[in-house]
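K.L.:
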Amino acid sequence: MSSKPHRVGDGPVIRRTLIGLAVVLTVLFLFMPLVVIFTQALAQGWAGYIGNILDEYTLHAIGLTLFVALLTVPLNTVFGVFLAWLVTRFSFPGRRLLATLIDIPFAVSPVVAGLLYLLLYGSNGWAGQWLGQYDVELMFAWPGIVMVTVFVTCPFVARELIPLMQQQGRDEEEAAVVLGASGWQLFRRVTLPNIRWALLYGVILTNARAVGEFGAVSVVSGSIRGETNTLPLHVELLYQDQNIVGAFTAASLLAGIALITLAVKTIAEWRQSRV
Amino acid sequence: MTIEIDGINKSFGQFQALRDIDLTIPDGQLTALLGPSGSGKTTLLRSIAGLENPDRGRILFSGEDVTGLHVRERRVGFVFQHYALFRHMTVSENVAFGLKVLPRRERPSKREIRRRVHELLEMVQLDHLAGRYPAQLSGGQKQRIALARAMARRPEILLLDEPFGALDAKVRKELRRWLRSLHDELHFTSVFVTHDQEEALELSDQVVVMRQGGVEQVDSPLALYSQPESRFVFNFLGQVNALPGAISGGVLRQGDAWVRLPESCDDDDAELYLRPHEVRLTQEPSRDAHLPFRIEAINVIGAEVRVELRPDGWESQELWEVGITHSAFNARQPKRGDRCYAVPDVGHLFCDHLSEPKTLSWYEAAG
Amino acid sequence: MADTDQSVRPRRAGVPVSRRVLPGFGLSLGVTLFFISLVLLLPISGLVIHTAGMGWEKFWFVVTDPRVVASYKVTVLAALAASLFNCVFGLLMAWVLVRYEFPGKRLLDAIMDLPFALPTAVAGITLATLFSENGWYGRFLAEFGIEVAYTPLGIVVAMAFTSVPFVVRTVQPVLEELPPEDEEAAVSLGASDWTVFRRILFPVLWPALVTGGGLSFARSLGEYGAVVFIAGNSPYVSEVISLMIFVRLEEYDFAAASAIASVVMGASLLLLLAINVWQGRYLKRLHGGRG
Numbered sequence: 000m001s002s003k004p005h006r007v008g009d010g011p012v013i014r015r016t017l018i019g020l021a022v023v024l025t026v027l028f029l030f031m032p033l034v035v036i037f038t039q040a041l042a043q044g045w046a047g048y049i050g051n052i053l054d055e056y057t058l059h060a061i062g063l064t065l066f067v068a069l070l071t072v073p074l075n076t077v078f079g080v081f082l083a084w085l086v087t088r089f090s091f092p093g094r095r096l097l098a099t100l101i102d103i104p105f106a107v108s109p110v111v112a113g114l115l116y117l118l119l120y121g122s123n124g125w126a127g128q129w130l131g132q133y134d135v136e137l138m139f140a141w142p143g144i145v146m147v148t149v150f151v152t153c154p155f156v157a158r159e160l161i162p163l164m165q166q167q168g169r170d171e172e173e174a175a176v177v178l179g180a181s182g183w184q185l186f187r188r189v190t191l192p193n194i195r196w197a198l199l200y201g202v203i204l205t206n207a208r209a210v211g212e213f214g215a216v217s218v219v220s221g222s223i224r225g226e227t228n229t230l231p232l233h234v235e236l237l238y239q240d241q242n243i244v245g246a247f248t249a250a251s252l253l254a255g256i257a258l259i260t261l262a263v264k265t266i267a268e269w270r271q272s273r274v
Numbered sequence: 000m001t002i003e004i005d006g007i008n009k010s011f012g013q014f015q016a017l018r019d020i021d022l023t024i025p026d027g028q029l030t031a032l033l034g035p036s037g038s039g040k041t042t043l044l045r046s047i048a049g050l051e052n053p054d055r056g057r058i059l060f061s062g063e064d065v066t067g068l069h070v071r072e073r074r075v076g077f078v079f080q081h082y083a084l085f086r087h088m089t090v091s092e093n094v095a096f097g098l099k100v101l102p103r104r105e106r107p108s109k110r111e112i113r114r115r116v117h118e119l120l121e122m123v124q125l126d127h128l129a130g131r132y133p134a135q136l137s138g139g140q141k142q143r144i145a146l147a148r149a150m151a152r153r154p155e156i157l158l159l160d161e162p163f164g165a166l167d168a169k170v171r172k173e174l175r176r177w178l179r180s181l182h183d184e185l186h187f188t189s190v191f192v193t194h195d196q197e198e199a200l201e202l203s204d205q206v207v208v209m210r211q212g213g214v215e216q217v218d219s220p221l222a223l224y225s226q227p228e229s230r231f232v233f234n235f236l237g238q239v240n241a242l243p244g245a246i247s248g249g250v251l252r253q254g255d256a257w258v259r260l261p262e263s264c265d266d267d268d269a270e271l272y273l274r275p276h277e278v279r280l281t282q283e284p285s286r287d288a289h290l291p292f293r294i295e296a297i298n299v300i301g302a303e304v305r306v307e308l309r310p311d312g313w314e315s316q317e318l319w320e321v322g323i324t325h326s327a328f329n330a331r332q333p334k335r336g337d338r339c340y341a342v343p344d345v346g347h348l349f350c351d352h353l354s355e356p357k358t359l360s361w362y363e364a365a366g
Numbered sequence: 000m001a002d003t004d005q006s007v008r009p010r011r012a013g014v015p016v017s018r019r020v021l022p023g024f025g026l027s028l029g030v031t032l033f034f035i036s037l038v039l040l041l042p043i044s045g046l047v048i049h050t051a052g053m054g055w056e057k058f059w060f061v062v063t064d065p066r067v068v069a070s071y072k073v074t075v076l077a078a079l080a081a082s083l084f085n086c087v088f089g090l091l092m093a094w095v096l097v098r099y100e101f102p103g104k105r106l107l108d109a110i111m112d113l114p115f116a117l118p119t120a121v122a123g124i125t126l127a128t129l130f131s132e133n134g135w136y137g138r139f140l141a142e143f144g145i146e147v148a149y150t151p152l153g154i155v156v157a158m159a160f161t162s163v164p165f166v167v168r169t170v171q172p173v174l175e176e177l178p179p180e181d182e183e184a185a186v187s188l189g190a191s192d193w194t195v196f197r198r199i200l201f202p203v204l205w206p207a208l209v210t211g212g213g214l215s216f217a218r219s220l221g222e223y224g225a226v227v228f229i230a231g232n233s234p235y236v237s238e239v240i241s242l243m244i245f246v247r248l249e250e251y252d253f254a255a256a257s258a259i260a261s262v263v264m265g266a267s268l269l270l271l272l273a274i275n276v277w278q279g280r281y282l283k284r285l286h287g288g289r290g
């Protein structure tokens, strides 16, 4: 590699200092927490670890969490793709407002997000009262958990796609239209191949957030063991029961999903850069 | 300030960008570094500025070795290809930058800086744009501001990387003339990089033709055009008509084509190069040359009519091109597909056993 | 769907043909508006109606309750400290990741996103464990008399952790796109490294830094999961706003909860708007007024 000697901060002393500082801080601040999770989870050995996972309530929490993610992720993926298509491929009044609206779940505290749904669909809310006449209860049950999870995770796919699709422009799609492609052919054969890696990361990130949502879910779930307890809520319950190893065992599953997410991101970015 | 380059070498990994460059750039002249992309011309310019550190060799300004000197201390003016104006600064802040960053004891007063910036902007005739941001300027305006900024510290050497590369044809021509007159007025030593041979020939006092990291020829524009030292230079500086063949008994021959050489030459494989204006078109072959063609196309380009010719009964890699005047065109009315003959006046013979080309003239022979 | 069909239908006299070249405008607009209305706007309007119904006096009484006011202070100060830390740390990380090559760089880059991917509750119990008296960091810091867990400092740590990626990921692309010519031009005009950083690089970087810091601040204001485990949650000292809302909910005081929530949400939305507007203005200037 050729050195570029005239960029700022390329002197060996500054370079080594900054790299050293960055590595040390990252290890202390981001890497050590991961180490803690897994050492605590394995504090009673592998047998204890497996035993903790096979606990009845833990298994139920895993099941519920996967179920919620299974409903949330496809919904938000479809929405994210439509939104990204809309704001990057057309210009119309209100386009920027739409792009800003989608950031709301980012800015709103998860507890507030949960409260919003509780106020509307709870037994005192007008939608809740109306549904109550038909004996439909959404809050403190799995539909409520799904609803707040959709709210909290709806920006992620769109946020990954919008900058990329903006930068790619619409030349290729216009060329396809000129060549006679239909809407679906256009999307499947021109757009999708160009965005697939970013889309994949968006989906995986949505999944990670859906699986791990805590604040909003704890407002609307009621945390009933074996019924409305998702994995993050289960972590909290075990932790408060002073079952530290159990809590970290459940946490290690979530951390595993997080690590997979990071790995997918790294691969996706690398592949996307070669599209 | 004279610039001497003494045995410069520079590699980027496996790629050798500069190999053993020896070159003297005379004081007060405008020198062009000309070559195709990848020939090393920009790397050489950046090495002179100190933006690139050569692996071997020395660079001297007026006899003083500056090889180890940081770009900051070399005090050259450098104009970047895409101008590199600071986007967050206004035009006048851009121009003032070089003065504002001087060490405190050398730095002029605020008033003096303002005066100098004003003067520089007047010089580039853009004083009225002082408060604008670069994004609000046209390409030609950016170029002039970049120049004003580079000259703020009164450098004795001005280096320009493809100064007109990003501009459209008309602005290019204007700026070229303007730069020439500015140079004549201020007399610094200027070096500019270009891949456009016309620009190099029109603008400079001296042209350095580069190829694959080496210097191919250094000469004045006129000498370069009339006496190229190699096939590469010949090819690079404009249209070439070539007759490849073999010499035997003083005649260069290939297929139906032959040319009687006015000077004696040893028998060898050889190639005769002719510029479009060194050839005449006739309806009959001459005593000295038999070069039959079919007319392929006739293009009226401004003051000249350019005739493209396909060899008839012999071969050349590319079509021949000969320029004729409008009156000759009107008199003869050639058409596509017509048969005609080329008669050389002057030519350049590259023999395989000789390193230098031989310039031939048929004037005396004919006369 | 109507729009999709129009764009391929041949032109007929008197019928305006859609000017949109690409298909799917109607469909995507429909889907998007339906989704946004149902998922975002409907619940938010519910909160607005609910809060408006409680009357100004009661609203004021609830949101200025001394315990609540104390929680505002704790939250804002901690979020400010956390985002300041992240500005420095984020700038350092972005710089190192863009400018230097070294073994392990890919890994370092990947792990920057960990706080986004790791559930907040997991981050919470992990940080609490690390910084508790018996934890690896807590034991070390205790020797210097520094207590982190169950103090406001713990809140800062949790907030800083969960919002690490914001600054890194906003500064990184800007740094990547900086043309080397700008620096070379400045150096060839005689500027020192420090001057180049201060006058050429920093002015280009700081809008990204402010944006990233602002996002990090907004996120920290609402952080709940990571904070509750490490904060200690003692009234007037280490309660954050999100927790206050939760406390009111557990007391079945929906009115108070929604009043506080509307304050929080109003503040975050204003912040979001301010960041967007400010960023738009700045970009406009650099791109010649074409936005």
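Protein chains in written order, with numbering that gives the first Met the number 0: chain V, 0 to 274; chain A, 0 to 366; chain G, 0 to 290. Quick reminder that beta carbons are idealized off the backbone N, C-alpha and C, glycines included.
Going by DSSP in three states, aspartate 64 (chain A) sits in which element: helix, strand or coil?
P.N.:
DSSP places aspartate 64 (chain A) in strand when its eight states are reduced to three.
K.L.:
For chain G, is any of its Cβ atoms less than 9 Å away from the one on glycine 366 (chain A)?
P.N.:
Only weak support exists for where glycine 366 (chain A) lies, its pLDDT of 44 falling under 50; the value from the coordinates is given anyway. It does not: the Cβ of glycine 366 (chain A) has no partner Cβ on chain G nearer than 9 Å.
K.L.:
What first and last residue would you give for the beta strand (DSSP E) that runs through valine 207 (chain A)?
P.N.:
Counting along the chain, the beta strand (DSSP E) containing valine 207 (chain A) begins and ends at 205 to 210.
K.L.:
Select from the stretch 181 to 213 of chain G all residues with a C-beta closer than 8 Å to any C-beta belonging to chain A, and list them in chain order.
P.N.:
Answer in chain order: Asp181, Glu183, Ala184, Ala185, Val186, Ser187, Leu188, Gly189, Ala190, Ser191, Thr194, Arg198, Ile199, Pro202, Val203.
K.L.:
Scan the stretch 244 to 326 of chain A and note each continuous beta strand (DSSP E) run of 3 residues or more that stays entirely inside, going in chain order.
P.N.:
Counting whole runs of 3 or more residues, the stretch 244 to 326 of chain A contains the beta strand (DSSP E) stretches 250 to 253, 256 to 259, 268 to 273, 278 to 281, 291 to 300, 303 to 310, 319 to 323.
K.L.:
Taking buried to mean at least 16 other C-beta atoms within 10 Å of its own C-beta, is tyrosine 133 (chain V) buried or exposed?
P.N.:
With fewer than 16 Cβ atoms within 10 Å of its Cβ, tyrosine 133 (chain V) is classed as exposed.
K.L.:
Per DSSP, which residues does phenylalanine 77 (chain A) bridge with? Please list them.
P.N.:
DSSP output for phenylalanine 77 (chain A) lists A:Leu158 as bridge partner(s).
K.L.:
Cβ of glycine 211 (chain V) within 9 Å of Cβ of serine 108 (chain V)?
P.N.:
Their beta carbons are not under 9 Å apart, which means glycine 211 (chain V) does not touch serine 108 (chain V) by this criterion.
K.L.:
For chain V, is any of its Cβ atoms less than 9 Å away from the one on threonine 169 (chain G)?
P.N.:
Chain V contact via Cβ: absent.
K.L.:
In terms of residues, what are the limits of the beta strand (DSSP E) holding aspartate 21 (chain A)?
P.N.:
It spans 14 to 24 - the beta strand (DSSP E) in which aspartate 21 (chain A) sits, taken as one unbroken run.
K.L.:
Going by other Cβ atoms of all chains shown within 10 Å of its Cβ, with 16 needed for buried, is glutamine 216 (chain A) buried or exposed?
P.N.:
Answer is buried; the Cβ neighbour count reaches 16.
K.L.:
At the level of alpha carbons, what is the spacing between alanine 209 (chain V) and alanine 185 (chain G)?
P.N.:
When rounded, the distance between both Cα atoms is 48 Å.
K.L.:
Using a Cβ-Cβ cut-off of less than 7 Å, give me the residues of the stretch 71 to 103 of chain A that come near chain G, in sequence order.
P.N.:
Listed in sequence order: Arg71, Val75, Phe77, Phe79, His81, Ala83, Phe85, Arg86, His87, Phe96, Gly97, Val100, Leu101.
K.L.:
Any Cβ of chain G within less than 9 Å of the Cβ of leucine 49 (chain A)?
P.N.:
In the sequence as presented, leucine is not what sits at residue 49 (chain A); that position holds glycine. It does; some Cβ of chain G falls within 9 Å.
K.L.:
Output, in chain order, the set of chain A residues within a Cβ distance shorter than 7 Å of proline 178 (chain G).
P.N.:
By Cβ distance, chain A contributes Ala83.
K.L.:
Do you know offhand how far histidine 289 (chain A)'s Cα is from isoleucine 300 (chain A)'s?
P.N.:
Approximately 28 Å between the Cα atoms of the pair.
K.L.:
Give me the Cα-Cα distance between glutamine 165 (chain V) and threonine 87 (chain V), rounded to the nearest whole angstrom.
P.N.:
If I take the Cα positions, the gap works out to 5 Å.
K.L.:
Leaving aside the five residues before and after leucine 272 (chain G) along the sequence, list all residues of the same chain whose C-beta is less than 6 Å from its C-beta, in chain order.
P.N.:
Cβ within range, chain order: n/a, list empty.
K.L.:
With DSSP as the reference, label alanine 141 (chain G) as helix, strand or coil.
P.N.:
Note: alanine 141 (chain G) maps to helix in three-state DSSP.
K.L.:
May I ask which residues mark the beginning and end of the alpha helix (DSSP H) holding cysteine 86 (chain G)?
P.N.:
Cysteine 86 (chain G) -> alpha helix (DSSP H) spans 65 to 98.
K.L.:
Just the C-alpha distance for leucine 174 (chain G) and threonine 89 (chain A), rounded to the nearest angstrom, thanks.
P.N.:
If I take the Cα positions, the gap works out to 21 Å.
K.L.:
Indicate whether at least one CB of chain G lies closer than 9 Å to the CB of alanine 165 (chain A).
P.N.:
Not an interface residue.
K.L.:
Using a 10 Å radius around the Cβ and a threshold of 16 neighbouring Cβ atoms, would you call tryptophan 193 (chain G) buried or exposed?
P.N.:
Answer is exposed; the Cβ neighbour count stays below 16.
K.L.:
Is there at least one Cβ from chain G nearer than 9 Å to arginine 152 (chain A)'s Cβ?
P.N.:
Yes, because at least one Cβ of chain G sits closer than 9 Å to the Cβ of arginine 152 (chain A).
K.L.:
Distance check for glutamate 159 (chain V) and methionine 111 (chain G), CA to CA, integer angstroms please.
P.N.:
Straight-line Cα distance between these residues: approximately 17 Å.
K.L.:
Could you tell me whether any Cβ in chain G is nearer than 9 Å to the Cβ of threonine 71 (chain V)?
P.N.:
By this cut-off, threonine 71 (chain V) is not an interface position.
K.L.:
Could you check the C-alpha separation between leucine 29 (chain A) and phenylalanine 163 (chain A) for me, to the nearest Å?
P.N.:
Cα to Cα, leucine 29 (chain A) sits roughly 15 Å from phenylalanine 163 (chain A).
K.L.:
Exposed or buried, what is glycine 265 (chain G) when buried is set at 16 or more other beta-carbons lying within 10 Å of its beta-carbon?
P.N.:
Its Cβ having fewer than 16 others within 10 Å, glycine 265 (chain G) is exposed.
K.L.:
Determine the DSSP secondary structure at arginine 280 (chain G), reduced to helix, strand or coil.
P.N.:
Looking at arginine 280 (chain G) - three-state DSSP - the assignment turns out to be helix.
K.L.:
Given a cut-off of 9 Å on the beta-carbon distance, is the pair leucine 230 (chain V) and leucine 253 (chain V) in contact?
P.N.:
Contact flag set, yes.
K.L.:
Please classify lysine 357 (chain A): does DSSP put it in a helix, a strand, or coil?
P.N.:
Residue state, collapsed to three classes: strand.
K.L.:
Which residues bound the beta strand (DSSP E) around aspartate 5 (chain A)?
P.N.:
Where aspartate 5 (chain A) is concerned, the enclosing beta strand (DSSP E) stretches over 2 to 11.
K.L.:
So, phenylalanine 96 (chain A) versus alanine 151 (chain A), is the Cβ gap smaller than 9 Å?
P.N.:
Against a cut-off of 9 Å, the Cβ pair of alanine 151 (chain A) and phenylalanine 96 (chain A) comes out as a contact.
K.L.:
On a Cα-Cα basis, can you pick out the residue from A:Val214, A:Ala241, A:Val206, A:Gln211 that is closest to tyrosine 224 (chain A)?
P.N.:
Nearest of A:Val214, A:Ala241, A:Val206, A:Gln211 to tyrosine 224 (chain A), Cα basis: A:Val206.
K.L.:
What residue ranges within the stretch 169 to 234 of chain A form continuous beta strand (DSSP E) runs of no fewer than 3 residues, ordered along the chain?
P.N.:
As far as the stretch 169 to 234 of chain A is concerned, its whole beta strand (DSSP E) runs of at least 3 residues are 188 to 193, 205 to 210, 213 to 218.
K.L.:
Please classify isoleucine 124 (chain G) as buried or exposed, where buried requires at least 16 neighbouring CB atoms within 10 angstroms.
P.N.:
So isoleucine 124 (chain G) counts as buried.
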